[in-house]
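Engineer:
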Amino acid sequence: MKEILFQFGLSAENFQVLPFGSGLINATWKIANEQGNPKYILQKINQQIFKHPDDIAFNIRLIDNYLKTHFPDYLFVSPVVSIAGDELVKTDNGYYRMFPFIRNSHTVDFLEKPQQAYEAAKQFGKFTKLLSGFDASKLKITLPDFHNLTLRYQQFELTLETGNPERIAQSKDLIVAIKQNKRIVDEFEMCKEKFTVRVTHHDTKISNVLFDENERGLCVIDLDTVMPGYFISDVGDMMRTYLCPVSEEEKDFSKIVIRKEFYEAIVNGFLSEMGAELIDIEKQYFHYAGEFMIYMQALRFLTDHLKDDSYYGAKYEGHNFVRAGNQITLLQRLQEFNNEMSVCLPR
Ligand code: GN1
Ligand code: MG
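Under numbering that gives the first Met the number 0, the sequence shown has 24 at position 25, and the numbering climbs by one with no breaks.
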């Protein structure tokens with residue numbers, strides 16, 4: 000750590016390095032000064048997943064330039080440049096990057112109020128809207144096929160033949176549930192033909208939004224997965240992670256419910272920025288977004304369980320099995336909700 004801080008022009012004697020955040024992929028630390036005030040966020044990029052960290056830096060630079068030119072008032076958190084002049088510091092141990100800690104800002108790990116969902120949805124919508132004049136095809140693909148549901152389904156089917164046979168046998172019910180919902184994959188194929196490709200964040204969990212002291216959204220962060228994509232990725236992951244009072248880690252599935260006020264907050268927050276951008280067919284599929292992302296996450300957790308947790312890892316035996324079951328339950332609750340609500344929400 001001393002060496003890494005040095006490369007970013009900081010002396011380890013003047014700073015404390017504290018673990019920070021709860022992401023599953025990259026490791027994150029908060030760098031605080033001697034008084035304990037946070038000054039920087041340091042991240043190690045997981046190179047098992049992001050094979051070309053330079054591509055992430057490239058994308059951030061392009062977006063940064065575009066936003067600084069066209070929307071200078073937008074708060075964009077640019078990475079700290081190292082003494083060698085790079086956004087990334089490469090060590091034997093991997094790639095690191097650093098961001099300034101924005102004063103008086105904070106992140107939220109659990110949503111307590113619908114207003115937080117509104118603010119977050121507004122910020123993710125605003126990010127895509129501000130970049131509507133930017134050519135998304137210039138972005139490097141940092142994770143090929145990241146939200147390609149069709150491919151994920153094919154990988155799942157392949158895993159049913161090549162995966163851990165004991166786990167496959169034990170997961171029968173979840174496998175059936177996945178297969179029964181295959182329609183969601185078919186609908187995605189239709190979406191791909193009709194939807195507009197836009198700059199998409201692809202990781203809209205609540206901790207990727209900065210809030211100010213008055214709980215107003217400031218901007219979005221964590222741009223590793225910003226790529227060309229469809230709005231259902233961003234809206235869908237908000238539905239997946241904001242609607243329910245418990246997370247994908249919850250083992251007691253009876254706690255999985257859909258909170259209507261949070262649903263409305265996502266719709267209103269996102270449409271406050273993107274309402275004029277979305278085309279009719281996209282608006283008609285607003286409700287599909289949640290199904291799409293929850294189903295894909297169930298599929299990913301289950302596939303990983305059947306492949307002995309090679310992607311997500313496991314903190315206990317059966318961890319990804321529990322996560323997959325949790326997401327299947329969430330999918331069922333959302334489908335019930337969508338059926339009941341179809342009258343009062345824009346369909
Ligand atoms: C991963 O690391 P984190 O938590 O931001 C994953 C997301 C999943 C999420 C599930 C690159 O995101 O796609 O939705 O875990 N990111 C990657 O918790 O695979
Ligand atoms: Mg992330």
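The beta-carbon is built from N, C-alpha and C at its ideal position, and this holds for glycine as well.
Report the rounded CA-to-CA distance for F320 versus Q296, giving the unit in angstroms.
Structural biologist: Here residue 320 corresponds to residue number 321 of the sequence shown, with the count starting at 1. Here residue 296 corresponds to residue number 297 of the sequence shown, with the count starting at 1. Their Cα atoms are separated by approximately 12 Å.
Engineer: Please report the Cβ distance between F49 and L142, rounded to the nearest whole angstrom; I am assuming they are in contact, meaning their Cβ atoms lie under 8 Å.
Structural biologist: In the sequence shown, the residue the question calls residue 49 occupies position 50. In the sequence shown, the residue the question calls residue 142 occupies position 143. About 7 Å; that satisfies the 8 Å criterion.
Engineer: Counting only runs that start and end within the region 185-247, where is the alpha helix (DSSP H) found for 4 or more residues in a row?
Structural biologist: As far as the region 185-247 is concerned, its whole alpha helix (DSSP H) runs of at least 4 residues are 230-241.
Engineer: Let's test the definition: count the other Cβ atoms within 10 Å of the Cβ of L110 and tell me whether it reaches 16, buried, or not, exposed.
Structural biologist: In the sequence shown, counting from the first residue as 1, residue 110 sits at position 111. It counts as buried.
Engineer: Please name the residue, chosen from K67, Q115, L66, S131, that lies closest to A275 on a Cα-to-Cα basis.
Structural biologist: Walking along the sequence shown from the start, residue 275 turns up at place 276. For the residues K67, Q115, L66, S131, the minimum Cα distance to A275 belongs to S131.
Engineer: Does DSSP put V88 in a helix, in a strand, or in coil?
Structural biologist: Within the sequence shown, residue 88 is the residue found at index 89, counting from 1. If DSSP states are grouped into helix, strand and coil, V88 belongs with the strands.
Engineer: Among all the DSSP beta bridges, which residues are the ones paired with L17?
Structural biologist: Numbered from its first residue, the sequence shown carries residue 17 at position 18. K29, per the DSSP bridge assignment.
Engineer: At a cut-off of 7 Å, is G22 close to ligand 1 when judged by its beta-carbon and the heavy atoms of the ligand?
Structural biologist: Here residue 22 corresponds to residue number 23 of the sequence shown, with the count starting at 1. Result yes, Cβ under 7 Å from ligand 1.
Engineer: Pick helix, strand or coil for P99, following the three-state DSSP scheme.
Structural biologist: Here residue 99 refers to the residue found at position 100 when the sequence shown is read from its first residue. Strand, per DSSP.
Engineer: Give a yes or no on whether the C-beta atoms belonging to E281 and I183 are separated by under 8 Å.
Structural biologist: Along the sequence shown, read from residue 1 onward, the residue named residue 281 stands at position 282. Along the sequence shown, read from residue 1 onward, the residue named residue 183 stands at position 184. Contact: no.
Engineer: Work out the CA separation of F269 and I327 for me, nearest whole Å.
Structural biologist: Within the sequence shown, residue 327 is the residue found at index 328, counting from 1. Within the sequence shown, residue 269 is the residue found at index 270, counting from 1. Each residue's Cα considered, the two are about 25 Å apart.
Engineer: Starting from the Cα of E272, find the closest Cα among K128, D85, K112, V88 and give me that residue.
Structural biologist: Taking the sequence shown and counting its residues from 1, the one referred to as residue 272 is at position 273. The option with the nearest alpha carbon to E272 is K128.
Engineer: Between Y287 and the rest of its own chain, which residues show a CB-CB distance below 7 Å, the 5 nearest in sequence each way excluded?
Structural biologist: On the sequence shown, residue 287 is found 288 positions in, with the first residue counted as 1. If we look at Y287 and ignore the five residues flanking it on each side, its Cβ neighbours are E186, I231.
Engineer: Can you tell me where the alpha helix (DSSP H) with I293 in it begins and where it stops?
Structural biologist: The residue you call residue 293 lines up with position 294 of the sequence shown. That run of the alpha helix (DSSP H) goes 287-305.
Engineer: Straight-line CA distance for Y284 to E316?
Structural biologist: Locating residue 284 in the sequence shown gives position 285, counting from the first residue. Locating residue 316 in the sequence shown gives position 317, counting from the first residue. Those two C-alpha atoms are separated by around 37 Å.
Engineer: Taking the alpha carbon of M238 as the reference point, which residue from S81, F336, R151, D279 has its own alpha carbon closest?
Structural biologist: The count along the sequence shown starts at 1 and reaches residue 238 at position 239. The candidate whose alpha carbon is nearest that of M238 is F336.
Engineer: Between the region 254-265 and the region 143-158, do at least 3 Cβ pairs fall closer than 8 Å?
Structural biologist: Flag = no, the region 254-265 and the region 143-158 do not touch.
Engineer: Entirely within the region 33-86 and at least 4 residues each: give me those alpha helix (DSSP H) ranges in chain order.
Structural biologist: Listed in chain order, they are 52-69.
Engineer: Check whether the Cβ of L142 sits closer than 7 Å to any heavy atom of ligand 1, and report yes or no.
Structural biologist: Counting from 1 along the sequence shown, the entry for residue 142 is found at position 143. Yes, the beta carbon of L142 sits closer than 7 Å to at least one heavy atom of ligand 1.
Engineer: Answer yes if the region 69-84 comes into contact with the region 163-171, meaning at least three C-beta pairs across the two stretches below 8 Å, and no otherwise.
Structural biologist: The region 163-171 vs the region 69-84: no contact.
Engineer: Ordered along the chain, which non-local residues of its own chain (more than five positions away) have a Cβ less than 6 Å from that of T106?
Structural biologist: To locate residue 106, count along the sequence shown from 1; it is residue 107. Same-chain partners within the cutoff: S206.
Engineer: Is the beta carbon of R102 sitting closer than 8 Å to the one on E86?
Structural biologist: Within the sequence shown, numbered from 1, the residue matching residue 102 stands at position 103. Within the sequence shown, numbered from 1, the residue matching residue 86 stands at position 87. Not closer than 8 Å, so no.
Engineer: On the three-state DSSP scale, how would you describe H318?
Structural biologist: One-based indexing of the sequence shown puts residue 318 at position 319. Helix at H318.
Engineer: Under 7 Å from any heavy atom of ligand 1, does the C-beta of E33 make it?
Structural biologist: Indexing the sequence shown from 1 puts residue 33 at position 34. No.
Engineer: Is any heavy atom of ligand 1 found at a distance shorter than 7 Å from the C-beta of E249?
Structural biologist: Taking the first residue of the sequence shown as 1, we reach residue 249 at position 250. E249 Cβ: outside cutoff for every heavy atom of ligand 1.
Engineer: Below 7 Å, is the gap between the Cβ of K204 and the nearest heavy atom of ligand 1?
Structural biologist: Translated into the one-based positions of the sequence shown, residue 204 becomes position 205. Under cutoff, so the answer is yes.
Engineer: Shorter than 7 Å, the distance from the beta carbon of T224 to the closest heavy atom of ligand 1, or not?
Structural biologist: One-based indexing of the sequence shown puts residue 224 at position 225. Correct: T224 has its Cβ closer than 7 Å to ligand 1.
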